[in-house]
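Undergrad: So the sequence lines, in the order shown, correspond to chains A and B.
All letters in the first sequence, in the order written, are residues 2 to 116 by our numbering.
All letters in the second sequence, in the order written, are residues 15 to 126 by our numbering.
Where is the CB? At the ideal position from N, CA and C, for every residue including glycine.
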Amino acid sequence: EPEVTQTPSHQVTQMGQEVILRCVPISNHLYFYWYRQILGQKVEFLVSFYNNEISEKSEIFDDQFSVERPDGSNFTLKIRSTKLEDSAMYFCASSEETSGYNEQFFGPGTRLTVL
Amino acid sequence: ELKVEQNPLFLSMQEGKNYTIYCNYSTTSDRLYWYRQDPGKSLESLFVLLSNGAVKQEGRLMASLDTKARLSTLHITAAVHDLSATYFCAVDKGSSNYQLIWGAGTKLIIKP
C-alpha cells in the first residue's frame with residue numbers, strides 16, 4: 002500500500018542552525034502539507050502546497066520557513082535558523098483530489114530537537 | 015476563525031464499556047475527519063464524514079456527523095485495550111486547498 006515517507010526520523014540541531022526535513026508523498030497525490038505537533042499538544046497546520054506553489058500558510062510559517070518540491074517526488078521543509086521553540090514533531094501529509102474532499106495521509110514524522 | 019473543540023480531552027475507561035467522544039466546530043462545514051494517533055506515532059485516518067447525517071462504522075468505532083448542530087461524535091462500543099490512543103477530529107476549512115483545522119485530541123486509555 003502506498004505511504005508517505007519522511008526522513009530523518011529524528012534530527013538534533015543547535016539553535017540557529019538550518020535544517021531540512023524531507024518527505025516523499027504518495028505518488029499520485031497532488032496536495033502536500035506540513036504540520037507540526039509539539040509534544041502532547043494539538044496538530045498545527047504550517048503550509049499547504051499545490052501545483053508547485055504554496056496555496057496557504059499559517060501564522061507559524063514565517064520567513065524562517067520555506068518549502069520546496071525540488072523534483073518529482075520529494076517535498077522539503079527548511080527551517081533557516083532554528084529556535085528552541087521549533088522543537089516538535091513535524092508531519093508531512095499528502096492527498097489527492099477526490100470528489101471534493103481531502104483525506105490526508107500522514108508520514109511517520111520527523112522529531113526535531115533544537116538544543 | 016474556525017475552531018474545533020473536542021471533549022473530553024482525557025478519558026480513562028474499563029474494557030467492555032461504551033463511551034462517546036464529542037467534536038464541536040464553530041463554522042459551517044460538511045467535511046469532518048477522524049484520526050487516531052498511537053504514542054510516538056503518526057496519524058492514521060479513521061473516518062471521513064461528508065454530509066449531514068453521515069454515519070460510518072469500523073469495528074467497535076462509529077462516527078457520525080450533524081452539520082446543523084456542528085457536531086460529530088465518535089462512539090466506542092465494548093472498548094478493548096487495543097483502542098487506547100489519542101483521537102483527533104479535524105474539520106475541512108473549505109478553502110480550495112482543503113486545509114484541516116484540528117481539535118486538541120482526546121487521549122483514551124482503556125484498562126483491561
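Any residues in the segment 40-58 of chain A with a beta carbon nearer than 8 Å to a beta carbon of chain B? Which ones, in chain order?
TA: Going along the segment 40-58 of chain A in chain order, one finds Q42, K43, V44, E45, F46, S49, Y51, S56 and E57 with a Cβ nearer than 8 Å to chain B.
Undergrad: Counting Cβ pairs, one atom from each stretch, are 3 or more of them under 8 Å apart for the segment 33-52 of chain A and the segment 89-98 of chain A?
TA: Short answer: they touch.
Undergrad: What residues from chain B crowd round F107 (chain A), counting only those whose CB sits closer than 7 Å?
TA: Here residue 107 (chain A) refers to the residue found at position 106 of the first sequence. The answer, in chain order, is S56 and L57.
Undergrad: Residues in the same chain with beta-carbon distance under 6 Å from L85 (chain B), minus the five sequence neighbours each way, listed in chain order, please.
TA: Locating residue 85 (chain B) in the second sequence gives position 71, where the first residue counts as 1. If we look at L85 (chain B) and ignore the five residues flanking it on each side, its Cβ neighbours are N38.
Undergrad: Please report how far the alpha carbon of L114 (chain B) lies from the alpha carbon of E72 (chain B), in whole angstroms.
TA: In the second sequence, the residue the question calls residue 114 (chain B) occupies position 100. In the second sequence, the residue the question calls residue 72 (chain B) occupies position 58. Computed Cα separation, rounded: 22 Å.
Undergrad: Going by CA-CA distance only, name the one from B:E15, B:N21 and B:L16 that's closest to K89 (chain B).
TA: Taking the second sequence and counting its residues from 1, the one referred to as residue 89 (chain B) is at position 75. Note on identity: in this sequence residue 89 (chain B) is His, with Lys being the wrong assignment. Looking at the Cα atoms, B:N21 is the closest of the given residues.
Undergrad: Count the other C-beta atoms from every protein chain shown that fall within 10 angstroms of the C-beta of Q28 (chain B), then say buried if there are 16 or more, exposed otherwise.
TA: Reading the second sequence from its first residue, position 14 is the one you call residue 28 (chain B). It counts as exposed.
Undergrad: Between Y102 (chain A) and chain B, is the shortest Cβ-Cβ distance under 8 Å, so that the two count as touching?
TA: Here residue 102 (chain A) refers to the residue found at position 101 when the first sequence is read from its first residue. Yes - at least one Cβ of chain B is within 8 Å of the one on Y102 (chain A).
Undergrad: Tell me the DSSP bridge mates of M90 (chain A)?
TA: If you number the first sequence from 1, residue 90 (chain A) lands on position 89. A:Q38 and A:R112, per the DSSP bridge assignment.
Undergrad: Mind listing the chain A neighbours of V62 (chain B)? Cutoff is C-beta to C-beta under 8 Å, in chain order.
TA: Residue mapping note: residue 62 (chain B) aligns to position 48 of the second sequence, counting from 1. Residues of chain A passing the Cβ test: Y102 and E104.
Undergrad: Locate the beta strand (DSSP E) running through Q28 (chain B), then write down its first and last residues.
TA: Start at 1 with the first residue of the second sequence, and residue 28 (chain B) comes out as number 14. Here the beta strand (DSSP E) through Q28 (chain B) covers F24 to Q28.
Undergrad: Is it buried or exposed, V69 (chain B), if we count other Cβ atoms within 10 angstroms and call 16 or more buried?
TA: Here the question's residue 69 (chain B) lines up with position 55 in the second sequence. V69 (chain B) should be labelled exposed.
Undergrad: Taking C-beta pairs closer than 8 Å, name the residues in chain A that R74 (chain B) reaches, listed in chain order.
TA: For the purposes of this step, residue 74 (chain B) is taken as the residue at position 60 of the second sequence. Near R74 (chain B) there are no residues of chain A at all, since even the closest Cβ is about 21 Å away, more than 8 Å.
Undergrad: Would you kindly report the start and end of the unbroken beta strand (DSSP E) that includes K58 (chain A)?
TA: If you number the first sequence from 1, residue 58 (chain A) lands on position 57. Counting along the chain, the beta strand (DSSP E) containing K58 (chain A) begins and ends at E54 to K58.
Undergrad: Among A:Y36, A:R70, A:T6 and A:Q42, which residue has its Cα nearest to the Cα of E60 (chain A)?
TA: In the first sequence, the residue the question calls residue 60 (chain A) occupies position 59. Selected option, being the one with the closest Cα: A:Y36.
Undergrad: Distance check for S82 (chain A) and L31 (chain A), CA to CA, integer angstroms please.
TA: What you label residue 31 (chain A) is simply residue 30 of the first sequence in a count that begins at 1. What you label residue 82 (chain A) is simply residue 81 of the first sequence in a count that begins at 1. Their backbone Cα atoms lie some 29 Å apart in a straight line.
Undergrad: For a cutoff of 8 Å on Cβ pairs, would you count G73 (chain A) as touching chain B?
TA: By 1-based counting over the first sequence, the position of residue 73 (chain A) is 72. No, because no Cβ of chain B sits closer than 8 Å to the Cβ of G73 (chain A).
Undergrad: Please state whether the Cβ-Cβ distance between Q51 (chain B) and L57 (chain B) is less than 8 Å.
TA: By one-based count along the second sequence, residue 51 (chain B) stands at place 37. By one-based count along the second sequence, residue 57 (chain B) stands at place 43. Closer than 8 Å, so yes.
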